[in-house]
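K.L.:
Here it is, the structure in full.
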Amino acid sequence: MLRLRFLVRPWPPRQVADKPVALATGQVLCGTLQLLPFSLVFGHVQAHRPLSSLMALGALGILGTGVAYILNFHIVRHAPATIASSVTYLTPIFAVAVGVAFLGESLSWNEPVGALLILVGAALAQDRLRRPLRASDDVRTQDLA
55 MLRLRFLVRP
65 WPPRQVADKP
75 VALATGQVLC
85 GTLQLLPFSL
95 VFGHVQAHRP
105 LSSLMALGAL
115 GILGTGVAYI
125 LNFHIVRHAP
135 ATIASSVTYL
145 TPIFAVAVGV
155 AFLGESLSWN
165 EPVGALLILV
175 GAALAQDRLR
185 RPLRASDDVR
195 TQDLA
(Lines of atoms letter the chains of each structure in order from A and count residues from 1; the text may use other names and numbers.)
(Lines give C-alpha, C1' and ligand atoms only; values in the text may rest on other atoms or scores of the structure.)
Protein backbone atom coordinates (compact mmCIF):
# COMPACT_ATOMS: atom_id res chain seq x y z
CA MET A 1 0.00 0.00 0.00
CA LEU A 2 1.29 3.44 -0.92
CA ARG A 3 1.98 5.65 2.04
CA LEU A 4 0.68 9.17 1.56
CA ARG A 5 1.59 10.42 4.99
CA PHE A 6 3.83 13.12 3.50
CA LEU A 7 0.75 14.69 1.86
CA VAL A 8 -1.09 15.28 5.13
CA ARG A 9 1.81 16.57 7.20
CA PRO A 10 1.61 20.23 8.10
CA TRP A 11 3.81 22.40 5.91
CA PRO A 12 6.09 24.05 6.78
CA PRO A 13 7.22 21.70 9.55
CA ARG A 14 6.67 22.99 13.06
CA GLN A 15 10.41 23.44 13.63
CA VAL A 16 10.61 25.89 10.71
CA ALA A 17 7.26 27.61 11.29
CA ASP A 18 8.30 28.59 14.82
CA LYS A 19 11.40 30.43 13.58
CA PRO A 20 10.58 33.59 11.59
CA VAL A 21 14.15 34.03 10.32
CA ALA A 22 14.21 30.51 8.85
CA LEU A 23 10.75 30.95 7.34
CA ALA A 24 11.62 34.32 5.78
CA THR A 25 14.91 32.95 4.43
CA GLY A 26 13.13 29.98 2.89
CA GLN A 27 10.47 32.14 1.25
CA VAL A 28 12.95 34.59 -0.25
CA LEU A 29 15.22 31.75 -1.41
CA CYS A 30 12.32 29.92 -3.07
CA GLY A 31 11.23 33.11 -4.83
CA THR A 32 14.78 33.70 -6.04
CA LEU A 33 15.09 30.16 -7.38
CA GLN A 34 11.74 30.44 -9.18
CA LEU A 35 12.63 33.72 -10.89
CA LEU A 36 16.24 32.88 -11.73
CA PRO A 37 15.46 31.07 -15.04
CA PHE A 38 13.34 34.00 -16.22
CA SER A 39 16.06 36.52 -15.44
CA LEU A 40 18.63 34.42 -17.31
CA VAL A 41 16.41 34.04 -20.38
CA PHE A 42 14.74 37.45 -20.57
CA GLY A 43 17.13 39.63 -18.56
CA HIS A 44 20.09 41.55 -19.83
CA VAL A 45 22.95 39.73 -18.16
CA GLN A 46 26.22 41.60 -18.08
CA ALA A 47 29.51 39.79 -17.78
CA HIS A 48 30.96 42.24 -15.26
CA ARG A 49 28.81 44.04 -12.73
CA PRO A 50 30.24 46.78 -10.54
CA LEU A 51 30.72 45.79 -6.92
CA SER A 52 28.65 48.77 -5.76
CA SER A 53 25.57 47.57 -7.67
CA LEU A 54 25.95 44.05 -6.26
CA MET A 55 26.24 45.45 -2.74
CA ALA A 56 23.18 47.65 -3.30
CA LEU A 57 21.24 44.65 -4.57
CA GLY A 58 22.28 42.60 -1.55
CA ALA A 59 21.35 45.40 0.85
CA LEU A 60 17.97 45.78 -0.82
CA GLY A 61 17.31 42.06 -0.57
CA ILE A 62 18.51 41.67 3.00
CA LEU A 63 17.18 44.89 4.50
CA GLY A 64 14.22 45.69 2.28
CA THR A 65 12.81 42.19 2.05
CA GLY A 66 14.44 39.98 4.66
CA VAL A 67 14.06 42.26 7.66
CA ALA A 68 10.55 43.23 6.56
CA TYR A 69 9.55 39.56 6.44
CA ILE A 70 11.02 38.92 9.89
CA LEU A 71 9.21 41.91 11.39
CA ASN A 72 5.98 40.91 9.68
CA PHE A 73 6.16 37.36 11.09
CA HIS A 74 6.91 38.80 14.53
CA ILE A 75 3.84 41.06 14.34
CA VAL A 76 1.62 38.23 13.08
CA ARG A 77 2.71 36.02 15.97
CA HIS A 78 2.33 38.60 18.75
CA ALA A 79 -0.51 40.89 17.62
CA PRO A 80 -4.19 40.39 16.85
CA ALA A 81 -5.20 39.93 13.22
CA THR A 82 -6.53 43.48 12.79
CA ILE A 83 -3.22 45.02 13.84
CA ALA A 84 -1.15 42.55 11.82
CA SER A 85 -3.15 43.18 8.66
CA SER A 86 -3.09 46.96 9.00
CA VAL A 87 0.72 47.03 8.97
CA THR A 88 0.64 46.69 5.17
CA TYR A 89 -1.34 49.93 4.90
CA LEU A 90 1.68 51.88 6.17
CA THR A 91 3.92 50.99 3.20
CA PRO A 92 2.82 53.93 0.99
CA ILE A 93 3.36 56.39 3.85
CA PHE A 94 6.93 55.20 4.37
CA ALA A 95 7.56 55.17 0.61
CA VAL A 96 6.56 58.81 0.30
CA ALA A 97 8.55 59.78 3.40
CA VAL A 98 11.70 58.05 2.12
CA GLY A 99 11.25 59.61 -1.31
CA VAL A 100 10.98 63.10 0.16
CA ALA A 101 13.77 62.62 2.71
CA PHE A 102 16.39 60.83 0.62
CA LEU A 103 15.51 61.29 -3.05
CA GLY A 104 14.52 64.94 -3.00
CA GLU A 105 11.00 64.30 -4.30
CA SER A 106 8.46 67.05 -3.89
CA LEU A 107 5.46 66.69 -1.62
CA SER A 108 2.08 67.84 -2.90
CA TRP A 109 -1.11 68.35 -0.94
CA ASN A 110 -2.63 64.95 -1.73
CA GLU A 111 0.14 62.85 -0.14
CA PRO A 112 -0.37 64.10 3.45
CA VAL A 113 -4.14 63.86 2.97
CA GLY A 114 -3.75 60.28 1.73
CA ALA A 115 -1.47 59.47 4.69
CA LEU A 116 -4.05 60.88 7.07
CA LEU A 117 -6.81 58.79 5.46
CA ILE A 118 -4.65 55.66 5.73
CA LEU A 119 -3.90 56.31 9.41
CA VAL A 120 -7.56 57.02 10.22
CA GLY A 121 -8.61 53.88 8.34
CA ALA A 122 -6.07 51.76 10.22
CA ALA A 123 -7.21 53.27 13.52
CA LEU A 124 -10.84 52.52 12.65
CA ALA A 125 -9.96 48.95 11.66
CA GLN A 126 -8.21 48.47 15.01
CA ASP A 127 -11.13 50.07 16.87
CA ARG A 128 -8.90 52.77 18.37
CA LEU A 129 -11.23 55.71 17.66
CA ARG A 130 -14.10 54.78 19.90
CA ARG A 131 -15.12 57.35 22.43
CA PRO A 132 -14.20 56.78 26.06
CA LEU A 133 -16.97 55.44 28.28
CA ARG A 134 -18.62 57.83 30.66
CA ALA A 135 -19.75 56.78 34.11
CA SER A 136 -23.41 56.72 32.96
CA ASP A 137 -22.49 54.38 30.04
CA ASP A 138 -20.70 52.02 32.43
CA VAL A 139 -23.80 51.83 34.67
CA ARG A 140 -26.03 51.01 31.65
CA THR A 141 -23.78 48.18 30.53
CA GLN A 142 -23.79 46.69 34.04
CA ASP A 143 -27.62 46.86 34.10
CA LEU A 144 -27.81 44.91 30.85
CA ALA A 145 -25.56 42.12 32.12
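Here the working numbering = 1-based position in the sequence shown + 54.
Glycine is no exception: its CB is placed at the ideal position from the N, C-alpha and C atoms.
To the nearest angstrom, report how far apart serine 162 and leucine 144 are at their CA atoms.
P.N.:
Looking up residue 162 in the sequence shown gives position 108. Looking up residue 144 in the sequence shown gives position 90. Using only the alpha carbons, I get a separation of about 18 Å.
K.L.:
To test your reading of the DSSP string, which unbroken alpha helix (DSSP H) runs of 4 or more residues are found completely within the region 66-134?
P.N.:
Fully enclosed alpha helix (DSSP H) runs of 4 or longer: 68-71, 74-96, 105-113, 122-132.
K.L.:
Between the region 77-86 and the region 117-132, do three or more beta carbon pairs fall short of 8 Å?
P.N.:
Result yes; three or more Cβ-Cβ pairs closer than 8 Å.
K.L.:
Using C-beta distances below 7 Å, list every residue in its chain close to isoleucine 147, excluding the 5 sequence neighbours before and after it, in chain order.
P.N.:
Counting from one through the sequence shown, the residue named residue 147 turns up at place 93. Correct list, in chain order: Ala169, Ile172.
K.L.:
Check this for me: beta carbons of histidine 128 and proline 74, under 8 Å apart or not?
P.N.:
Residue mapping note: residue 128 aligns to position 74 of the sequence shown, counting from 1. Residue mapping note: residue 74 aligns to position 20 of the sequence shown, counting from 1. Going by C-beta atoms, histidine 128 is nearer than 8 Å to proline 74.
K.L.:
Secondary structure at leucine 144, three-state DSSP: helix, strand or coil?
P.N.:
Your numbering for residue 144 matches position 90 in the sequence shown. Helix at leucine 144.
K.L.:
Taking Cβ to Cβ, would you say glutamate 165 is nearer than 8 Å to valine 152?
P.N.:
By one-based count along the sequence shown, residue 165 stands at place 111. By one-based count along the sequence shown, residue 152 stands at place 98. Result no, Cβ atoms of glutamate 165 and valine 152 do not sit closer than 8 Å.
K.L.:
Given a cut-off of 8 Å on the beta-carbon distance, is the pair glutamine 180 and isoleucine 137 in contact?
P.N.:
Here residue 180 refers to the residue found at position 126 of the sequence shown. Here residue 137 refers to the residue found at position 83 of the sequence shown. A contact, by the Cβ cut-off of 8 Å.
K.L.:
Return the CA-CA distance between leucine 18 and valine 141, expressed in angstroms with no decimal places.
P.N.:
Outside the displayed range of the chain (55 to 199) lies residue 18, so it cannot be described from this structure.
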